[in-house]
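Going by our numbering, the sequence shown wraps up at 713, each residue one higher than the last.
All C-beta atoms, glycine included, are put in the ideal place defined by N, C-alpha and C.
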Amino acid sequence: MRLRALLDTDALGLRLLGGEDELDRTVRGVMTTDLRDPSRYLSGGELVLTGLAWRRDADDSEPFVRILVQAGVAALAAGEAELGDVPDDLVVACARHRLPLFAVHESVAFATITEHVVRQVSGERAGDLAAVVDRHRRMMTSGPAGGGPDVVLDLLGSDLDLRAWVLSPTGRLIAGPKPGGQQPAGPELPGEVCAQLAGEHLAATRTGRRGPHRVTLGTTTYSLFPIRTNGRSPQPSRDVRETVLSEWLLAVEADASDWPEERLDLLQGVTQLIAVERDRRDAARTVRRRLAQEVLELVQTGAAPAEIAARLRVAAPVLLPGLGAAPHWQVVVARVEWDGGEIDGGPVAQSLLEEILVDPLSTGPEPSDRIAVAHTGDEAIALVPLPAVGGEPEGSETGVLADQLLRSVRDPLTAGLDGDGRLTLGVSAAVHSAEGLRGALEEARHARRVAAARPGRVCAAGHQELASHVLLLPFVPDDVRRAFTARLLDPLRDYDRRHRAELIPTLEAFLDCDGSWTRCATRLHLHVNTLRYRVGRIEQLTSRDLSRLEDKLDFFLALRMS
C-alpha cells in the first residue's frame, strides 16, 4: 500500500509532519519499537511506530532517524501520548533525511494502525500473487515449463510469507525451500515428517474429507492441499481409490482453517499450477513406459533373445544417457488390489512403482528417469537398469532389495490403502542378458505371490526368499492352511491362555535352536528341566513327538502360516 492511503483513512488519526513529496512510497509492513537501535529487526519498507521512549534529549533524534533511513523504512509515525506534541528535533532530523513523519493522535492505539496496515498489505500481496500465478500458468500451458514447482513456492514465500513443500504420495520431497530462495527461513522438513504428512493426507482423502486438511505435528501446524491430476476437482462418479495413491500434495506451514475464501482460492490456483508441471513430468515418462511395454510384450510372447536384446539396446541410452553400454537389469512386479475387485489397479501400481523405485533420500521430480514401468490389468512391471561397471552391475551385491523398497513408504501407503486395499511387490535377481529376462519376470512374479501370502497391507519379497520351502506356502489353499494350523497350534494357544504357560514362544525358540536343549534353555532363561517339562506338555497336547523331523517340520510350517 502507499503512504498516501494512510492519510486518507480518518480512523487512523495520522497527521503529516513532513515528507509530503514522499507519500508515494510503498509500505510492505509495520513495526512498533522504542529501541534506540532497531535495525536488526528491520528489512525495509516498514512503517515504524514509536512512542518515543528511546528519546532522552534532542541529540537522540538524529542517530535514530539515520538508522531507520539506512534500513530502508518507508516512514516513521510518532505517538503523542507520551510527550504531547512530537519534538521539533525529530521533525528536523526526518526532513534532513527525507523520511516521511506522521504524528499519531493519543486516542489511537498503535494496534489499530498495525491491524489496518497488515490487512491492506496482505490483501494487496495476495492480489499481486494471484496475478503472477495466473501469468505463470498461461506461460506454462502455452510453452516450455516456467521453472517448475520451485518457482511457485518462491512466490508463496516472497509474497505471502508462507513456507511450503510439494510432496509425493509416499512422502518424498518434490520441491521445497532452497537456501537463498524467497521462502521464509526455517529448518528443513525431515523425512519422517514428510512421511507423516503424506500419511495424514492419504487418510483424510480416503475418508472423503475436502482439502485443505489440517495437521499438527509437535508444535507446528500444516495445511495439506491436494494437487489433482490435470488440476481437476474430484469427480463424484469417480472412485477416489483410482487416484489417491498417485497424486502429489502441497503442504503449507500454516493453519488455513480461518483463511478467507480469497486466500483459499489463491492456494487452489497454486495447486492447479503445480498440477500442470506434474502433467509435464508424466508426459515425459511416456517414452520410458512405451519401451517397457514393448520389451514386456516381446518377453511374454516368447520372442527371440536377439530381438529382445535389440530392444534393450534402444532402451539403455534413454534410461542411462551417456553410458553407451547395455546395463544389467532387474525386474520388479507390483500389484494393487482393492476389496471387491471392481477397480483396475494397474495405473495406480504403475505410478506407485515409479515412485517407490526412486531413492527415498533423493529430492526433485526427475530421479525416475532411470525407471521404465509398464502395466497390464492390476499388475505393473518395472525394468530397472543397473549400469555395468568393470563387467559387473553397479551395486550388483545389492541392487534393488525388497525389504528396503518399502521401509520409508509403508506407513503413508498403508493409510492410503485404508483397510480395503493391498500393495504387494516382488523383486528378481539381476540378469545380464536378454535370455535372462523371461526368467527374471517369472521370478519377480513368484516373489510377489510370496509377499501376498504375508499379513499386512504393504508387503514385498525378493528373489533370495525363493530358495526356501516358504515358496510353497502361498499356493496352499486358505482353508487347508487354517485347518492345518488350527489342528496343531490351537491346543497350545488355549493352554497358554488358561495357564500363561508360554508354550508357543517355547516351541518357536526350541525349533529356532534346532532342538538343542542347552541353547534353548539359555535363550529362554530357563532351567533345562523346566524346558523339558514344557516340551513334554506340547507333545502331550498335540500328540506329536518333537524328536521326529517330520513333526518338527509340521510345527515349523504351522508357525510360519499362522
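Going by DSSP in three states, residue i sits in which element: helix, strand or coil?
i, result
"T452", "coil"
"S212", "helix"
"G587", "helix"
"E343", "helix"
"W668", "helix"
"T693", "helix"
"I218", "helix"
"H650", "helix"
"I325", "strand"
"A354", "helix"
"R153", "strand"
"V438", "helix"
"V582", "strand"
"I264", "helix"
"T160", "coil"
"E458", "helix"
"V469", "helix"
"E257", "coil"
I'd like the list of long-range same chain contacts for residue i, defined as Cβ closer than 7 angstroms, with 5 residues on each side in sequence excluded.
i, result
"D185", "T201, G202, A204 and W205"
"H267", "T160 and L163"
"L447", "A525 and I532"
"W489", "R392, G496, D571 and G572"
"G223", "G195 and G196"
"P300", "V317, I325, A326, I425 and E428"
"A585", "P456, I459, A460 and L463"
"T527", "G497"
"D390", "I494"
Given that a residue counts as buried once 16 or more other Cβ atoms are within 10 Å of its Cβ, and exposed if not, what is residue i?
i, result
"H678", "exposed"
"V317", "buried"
"P718", "As shown, the chain starts at 152 and ends at 713. That puts residue 718 outside it, with no answer to give."
"E506", "buried"
"H287", "Any answer about H287 is weak, because its pLDDT of 49 lies below 50 and its placement is not dependable; what the coordinates show is given next. Buried, by the Cβ-count rule."
"H676", "exposed"
"S293", "Its pLDDT being 39, under 50, S293 is placed unreliably by the model, and the measurement read from it follows with that caveat. It counts as exposed."
"T669", "exposed"
"S212", "buried"
"R249", "exposed"
"H479", "buried"
"S319", "buried"
If I measure Cβ to Cβ from residue i and keep anything under 8 angstroms in the same chain, skipping five residues before and after, which residues do I get?
i, result
"S713", "T636 and L640"
"M152", "T177, V178, V268, Q271, V272 and E275"
"A652", "Y646, R685 and R688"
What residues match up with residue i in a beta bridge as DSSP calls it?
i, result
"S319", "According to DSSP, which records beta bridges pairwise, S319 is partnered with nothing at all."
"V303", "Its beta-bridge partners do not exist; DSSP assigns none."
"L537", "H479"
"M712", "In DSSP, M712 forms no bridge with anything."
"C610", "T575"
"F376", "L401"
"I532", "V484 and A525"
"F707", "None, per the DSSP bridge assignment."
"M182", "V199"
"G169", "L252"
"L227", "V199 and L252"
"T367", "T372"
"T177", "R153"
"W489", "G572"
Look at the Cβ atom of residue i, then the Cβ atom of residue j, and state whether they are nearer than 8 angstroms.
i, j, result
"G180", "A226", "no"
"L682", "E690", "no"
"G322", "V560", "yes"
"A598", "G587", "no"
"L219", "V199", "yes"
"P328", "G350", "no"
"L415", "A402", "no"
"V551", "Q451", "no"
"P238", "A262", "no"
"L353", "A566", "yes"
"A581", "L537", "yes"
"L556", "A611", "yes"
"F376", "L418", "yes"
"V483", "L503", "no"
"R429", "I378", "yes"
In chain order, what residues of the same chain lie with their CB nearer than 6 angstroms to the CB of residue i, ignoring the 5 residues before and after it?
i, result
"G719", "Residue numbering for the chain in the displayed model covers 152 to 713; residue 719 lies beyond these limits and cannot be assessed."
"R439", "A523"
"L568", "R608"
"T183", "L200 and F261"
"E412", "none"
"A591", "V482, S579 and V582"
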